[in-house]
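What follows is one structure encoded as structure tokens, with my remarks underneath.
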Amino acid sequence: MKLPANKTDPAADMNTQTGGCRKIIPNGDVECIWANAGVVPYKLCNFNFDCGNCPFDLVMRGGCEFGSRRVVVRGCDFCSSFFYHRYHTWAKVEGNSLVRIGINDLGQNLLGKIEKISLPGKGEKVHPESIHLTGKRGSVPLIPPLEGYVVEVNEKLRKEPSLANRSPYGDGWVVLLLANRLSKSLGKLLYGPPARRWFEEEVNRLYYILADLPDMTQPEVGITFQDGGVLDFGILDTITPERTRKIMECFFAHYSASRT
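Quick look at the structure:
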């Protein structure tokens with residue numbers, strides 16, 4: 000299938016209405032995500048959403064409590080320069096509507112050692128069932144954080160799928176997309192302080208789900224939960240399959256306990 004021409008994002012050719020004030024977005028320009036979020040009143044994007052290399056973005060995040068580029072929450076890594084989907088996928092804009100996507104650190108830890116990854120073909124339009132990850136604790140579709148066509152797949156994952164465990168934000172990326180309606184799609188994702196808060200909430204939600212399991216109250220289990228403690232994903236291998244399934248379904252869409 001032939002990839003579509005890389006045209007100007009149609010979302011850029013519009014006026015937006017915010018807080019009763021009409022913001023005029025010039026033809027061919029797009030609004031900065033900080034302005035779109037209401038943090039600053041007006042700012043155009045000069046880096047085609049390549050926030051990792053944007054000086055303004057660096058200043059904005061450096062001036063608040065979420066300034067760190069990479070942080071650790073109960074043992075789970077979070078990269079603050081990426082966009083996030085609520086089903087634990089990330090998106091990194093690389094310019095010219097190209098977006099690299101993968102699974103985040105909490106997601107890969109939940110799955111356990113990833114044994115197989117089903118990848119789409121080059122030129123295919125991605126959909127929610129295009130990519131499947133099979134790990135020690137079951138199988139899930141990797142929900143694409145935005146629409147687009149596959150430009151490149153990470154061939155290393157075919158031979159070494161566990162690379163997505165060891166380097167989820169780096170060498171373990173999954174596919175590179177040519178995104179449709181980039182600015183509109185990114186507006187639906189989490190970024191910056193909201194993404195950080197969401198990630199912390201997800202990690203803490205899992206932490207207290209595990210801490211509240213009936214088995215965890217038994218002295219013979221030998222596991223002590225403390226505020227600020229690191230998540231022990233190995234607990235998921237010591238409880239019943241039914242409990243594991245219910246926990247996994249809290250964090251993934253269309254989870255299957257099957258590993259085939």
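Take the sequence shown: its letter number 28 is residue 27 in numbering that gives the first Met the number 0, and every next letter is one higher.
Virtual Cβ for every residue (Gly too), placed ideally from N, Cα, C.
What you are looking at is a predicted structure, and each value in this text was computed from that prediction instead of being measured.
- The way I'd put it, the region 72-79 does touch the region 192-211; three or more beta-carbon pairs between them come closer than 8 Å.
- For G134, the enclosing beta strand (DSSP E) starts and ends at 131-134.
- Given a length threshold of 3 residues, each whole run of the beta strand (DSSP E) inside the region 156-237 is given here in chain order: 174-178.
- Put simply, the backbone Cα of R258 is about 10 Å away from that of V139.
- For the 7 Å CB-CB criterion, I116 and P127 do not form a contact.
- Non-local C-beta neighbours of V150 in its own chain, meaning closer than 6 Å and more than five positions away in sequence, comprise L175, L177, ordered along the chain.
- As DSSP reads the structure, V98 sits in a beta bridge with V92, L176.
- The alpha-carbon separation between W33 and C50 amounts to approximately 11 Å.
- Partner residues in the beta bridge of G137, as assigned by DSSP, are G134.
- A Cβ-Cβ distance of about 6 Å is found for the pair G134 and K112, placing them in contact under the 8 Å criterion.
- The distance from the Cβ of S129 to that of P144 is about 12 Å, inconsistent with a contact at the 8 Å cut-off.
- Under the DSSP definition of a beta bridge, G111 lacks any partner.
- Annotation: the continuous alpha helix (DSSP H) that includes E248 extends over 240-248.
- Rounded to the nearest whole angstrom, the C-alpha separation of W89 and R244 is 23 Å.
- In the DSSP secondary-structure assignment, Y83 is bridged to W89, L189.
- When the alpha-carbon of R204 is set against those of V98, L230, K42, the nearest one is in L230.
- Counting the other CB atoms within 10 Å of its CB gives E200 a total below 16, which places it among the exposed residues.
- The Cβ atoms of H87 and G106 sit closer than 7 Å to each other.
- Of the residues P160, G186, L132, the one whose Cα lies closest to the Cα of V29 is G186.
- DSSP links E151 through a beta bridge to L175.
- Under the three-state reduction of DSSP, C31 is assigned to coil, being neither helix nor strand.
- Beta-bridge partners assigned by DSSP to F77: V70.
- Closest option to L188, judged by alpha-carbon separation, among V92, G74, T237: V92.
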